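Structure, as structure tokens:
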Amino acid sequence: DSGVTQTPKHLITATGQRVTLRCSPRSGDLSVYWYQQSLDQGLQFLIQYYNGEERAKGNILERFSAQQFPDLHSELNLSSLELGDSALYFCASSAGTGTYNEQFFGPGTRLTVL
Amino acid sequence: TQLLEQSPQFLSIQEGENLTVYCNSSSVFSSLQWYRQEPGEGPVLLVTVVTGGEVKKLKRLTFQFGDARKDSSLHITAAQPGDTGLYLCAGVDSNYQLIWGAGTKLIIKP
């Protein structure tokens, strides 16, 4: 158990809809990262938040947005969903300080867009 | 843009065999991490290597960081079915961001 929690575990929705994925980082971690992983693919970095502020952006679509709240949990919002958005979405957290940036991953949310 | 290339992309071998997975870049990293991911689960950190030439061992797994800190290897001795998974390397760049390799999918057949 990494200490990172993600909800929901599974999500099935239709094209054009909007969903929200939730992540709670490990106790004490200030950084939250969001990743997308399509079937049999590597991890695609979407976005990072550190202590409530956006820190880095990867290949995140304009239809996607995220935020980190004062209690440090984070939400990833996906809108105008397309079939190609079906994937595993992972949240990871790290202390956010130091040079190693070791990340601890949650169990993921499997999103299926029909 | 920094890139990390992993090879091979896919490897299927028999139980008991040895294997090596490579992670290469033209860029220097301050440190490099290896993760293992099992199907349907999140990646789990195996090791972080920091110093050029560093070798770390985790039971039957041996990790090495290249002298110039541009490449790394993972060697598994006497592979077991429990080693099956996706192995990912990730280098820490000058902005403390992780640059991820595409992964090596490893299958160990009993």
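Here the protein sequences line up with chains G and E, keeping their order.
Residues in the first sequence are numbered from 1 upward in steps of one, following my numbering.
Residues in the second sequence are numbered from 1001 upward in steps of one, following my numbering.
Where a beta carbon is used, it is the ideal one built from N, C-alpha and C, also for glycine.
All of these numbers come straight from a predicted model, not from anything done at the bench.
Using a Cβ-Cβ cut-off of 8 angstroms, GLN68 (chain G) does not count as an interface residue toward chain E, since no Cβ of chain E sits closer than that to its own.
GLU54 (chain G) is bridged by DSSP to G:TYR49.
Contact annotation, LEU88 (chain G) with LEU1088 (chain E): C-beta distance approximately 14 angstroms; criterion of less than 8 angstroms not satisfied. GLY106 (chain G) reaches chain E at GLY1042, counting residues in chain order whose Cβ is nearer than 9 angstroms. Under a 10 Å Cβ-count criterion, VAL1049 (chain E) is classified as buried, with 16 or more other Cβ atoms of the shown protein chains found around its own Cβ.
Non-local beta-carbon contacts of GLN1064 (chain E) in its own chain, meaning distances under 6 angstroms to residues more than five positions away in sequence, involve VAL1055 and SER1073 in chain order. Beyond the five residues adjoining it in sequence on each side, THR1062 (chain E) comes within less than 7 angstroms, by CB distance, of VAL1055 and HIS1075 in the same chain, given in chain order. DSSP places ASP40 (chain G) in the coil class of the three-state scheme, outside both helix and strand.
PHE105 (chain G) has its alpha-carbon roughly 6 angstroms from the corresponding atom of SER2 (chain G).
Not a single CB atom of chain E sits nearer than 8 angstroms to the CB of GLU62 (chain G). Interface with chain G (8 angstroms Cβ-Cβ cutoff): GLN1080 (chain E) is excluded. With the rule of 3 Cβ pairs closer than 8 angstroms, the segment 33-49 of chain G counts as touching the segment 59-68 of chain G.
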